[in-house]
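Numbering (UniProt numbering), first residue to last: 1 to 331.
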């Protein structure tokens, strides 16, 4: 069993990573149904929350069926982050996660996300004060370091744990790498194997197959894995990993009918939650993977990703069922 403070999780839990414009309630619901043990919201701007920006406030919507669920926040100003804790606590998440790893320029330029890796003392101070502010477990997601020459993740993890962080998820790249090159899990394993560490250490980055998840568990000895890009348009990834763990075999390919049904539900839930325009727009990124592998699919995909009205997208789903009935996916 793995525990984040008082939250009991199964052995080697699978966590849905916080992803901007991806990890919204509709997608989290689908992932939860397919075996995700913990799900996280899109990251929420502390400055946006204290200004009551509508998009930031909307990201605080969480639902009982998602639990345990974490709300992830980012920022670099202590007063703003503390105010954010108070606002977020009203949504009653199970976990509040601090984003110390986002590499995007507009975040980093403000000293937030991975930008704070340049100032480990501020990282420690922010974490310590936020822990003091709430009884909700505080966790951290971060990267190995700012660049290859400034990797201090062993020290960083110890310092965050010592001020009350209840779990740490580490992406196996530096900020300088962005998402290029291969993720390096060896430093994450060194954090886990540090005899001073007693909080869960989760790995993140390049968990793209069930075999890679098993490698992270068995060869690197981590407490669990946080999965991001591999789940986009593939909420079944969690079920696929767990099936592989239990049987040593790959789950049978997801059928066309099940994929279309998931795409329908995803779109409808998105519309119900954020309205027609955003609901249609923000589910587009999933369709390529929902239907990956179908030959001569470009015409149908283009209808899904260029239509501005949901009725046209739903019609495209119907057409796919008609035109590709009986198609057998190979993976």
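Yeah, the Cβ is synthetic: ideal placement off N, Cα and C, and Gly gets one too.
The residues 14, 238, 239, 241, 242, in chain order, have a CB closer than 8 Å to that of residue 35 in the same chain once the five nearest residues on each side in sequence are set aside. In the three-state scheme derived from DSSP, where H, G and I count as helix and E and B as strand, residue 197 is classed as coil. The continuous alpha helix (DSSP H) containing residue 247 extends over residues 237 to 247. By the criterion of a C-beta distance shorter than 8 Å, residue 264 is surrounded in its chain by 314, 317, once the five residues flanking it on both sides are discounted.
Using a C-beta cut-off of 8 Å, the segment 216 to 229 makes no contact with the segment 274 to 284, since fewer than three inter-stretch Cβ pairs fall below that distance. Residue 292 and residue 79 have their C-alpha atoms roughly 46 Å apart. For residue 3, the uninterrupted beta strand (DSSP E) run begins and ends at 2 to 4, by DSSP. Residue 18 and residue 302 have their C-alpha atoms roughly 27 Å apart. Collapsing the DSSP output to three states places residue 36 in coil.
Assignment of alpha helix (DSSP H) within the segment 87 to 122, counting only whole runs of 4 or more residues, yields 105 to 108 in chain order. Across the structure, residue 55 and residue 247 are spaced so that their CA atoms are roughly 42 Å apart. By the criterion of a C-beta distance shorter than 6 Å, residue 270 is surrounded in its chain by 26, 279, 283, once the five residues flanking it on both sides are discounted.
Boundaries of the beta strand (DSSP E) around residue 9: 7 to 9. Judged by their CB atoms, residue 68 and residue 7 are nearer to each other than the 8 Å cut-off.
According to DSSP, residue pairing for residue 225 in a beta bridge involves 14, 203.
Counting C-beta atoms within 10 angstroms of its own C-beta, residue 309 has fewer than 16 neighbours from the protein chains shown and is therefore classed as exposed. If the five residues before and after residue 200 are omitted, its C-beta is found closer than 7 Å to the C-beta atoms of 2, 4, 167, 223, 224, all from its own chain and listed in chain order. Residue 328 carries a coil assignment under DSSP once its states are collapsed to helix, strand and coil. Given a length threshold of 3 residues, each whole run of the beta strand (DSSP E) inside the segment 110 to 179 is given here in chain order: 138 to 143, 168 to 171.
Under the criterion of beta carbons closer than 8 Å, residue 30 and residue 253 do not qualify as touching, at roughly 18 Å. Exclusion of the five residues before and after residue 91 leaves 60, 61, 62, 71 as the residues of its chain whose Cβ lies within less than 8 Å of its Cβ. Beta-bridge analysis with DSSP links residue 45 to 74.
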